[in-house]
């Protein structure tokens, strides 16, 4: 019952946000309550909660409710990722054409990597984790490429908070293994998921930098392990890194000076 009521409250709050977003001049409590089909007392309680979180604001002079600054910030975050995806697509296509394998773009979120864009291989048999798919950071080439840019203490805190999730027998299983892997990534300039998320699939990744010199995401090539054998990893890593550097430049980004 508690879960049902919580979901209902979230649905109602989102309905209110949508209603306020359509009224640039603001709206009175009674108008919003009527529009979303709720009692004024319930509407006021939801609006007050949204106000506390910065998603709504009240103008006492006009007795009107407006969309809050926090809603704008969240909307801009979506726009930011959309812009990143749009900028990355030609580079992913180039990477796919060069390697003949699936090219991916990923970003970090709460201990996981989300694949936000992808250009599929033209090979009949493909190794694909579809856009929207998630993987634990330490089981992902893109995830490891991103966190390798972090201070060691931040990496240790990430592992302590989210743990290590062995998905295959090759997955990293200890903090000592993580430290060794991070040192290897920093040394060679790219990261490898060596069948650590899915058996039979290998991934090579490199980081993308923002204008502020922060890792905002990573690109990768994923392939069936038989088509990307260990002996081909270094050459593929160099290709991925070169494309990541070109994408970084197109975004106005820069790799920080060590």
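Numbering (full-length UniProt numbering), first residue to last: 1 to 258. All C-beta atoms, glycine included, are put in the ideal place defined by N, C-alpha and C.
- One alpha carbon belongs to residue 132, the other to residue 112, and they sit about 11 Å apart.
- In the DSSP assignment, residue 51 falls within the alpha helix (DSSP H) that extends over 40–52.
- Taking a contact as a CB-CB distance under 8 Å, the pair residue 68 and residue 220 does not count as one, their CB atoms being some 37 Å apart.
- Under the three-state reduction of DSSP, residue 102 is assigned to strand.
- Between residue 169 and the set 60, 139 and 188, the nearest pair of CA atoms involves 139.
- Per DSSP, reduced to three states, the secondary structure at residue 131 is coil, with no helix or strand assignment.
- Cβ contact annotation for residue 66 (same chain, cutoff 6 Å, sequence separation greater than five): 26 and 57, in chain order.
- Rounded to whole angstroms, the gap between the alpha carbons of residue 91 and residue 247 is 7 Å.
- By the CB criterion at 8 Å, residue 185 and residue 191 fall inside the cutoff.
- Under DSSP, residue 64 shares a beta bridge with 59.
- Residue 202: member of the beta strand (DSSP E) spanning 201–209, first to last residue.
- According to the DSSP secondary-structure assignment, residue 108 is paired through a beta bridge with 113.
- Taking every protein chain shown into account, the CB of residue 193 has 16 or more other CB atoms within 10 angstroms, so this residue is buried.
- Taking 8 Å as the cut-off, the Cβ atoms of residue 100 and residue 123 count as close.
- Just so you know, the alpha carbons of residue 217 and residue 232 end up roughly 24 Å apart.
- Per DSSP, residue 158 lies in no beta strand (DSSP E) segment; the continuous alpha helix (DSSP H) that holds it begins and ends at 152–162.
- If you ignore the 5 residues before and after residue 243, its C-beta comes within less than 7 Å of the C-beta of 91, 94, 95 and 219, all in its own chain and listed in chain order.
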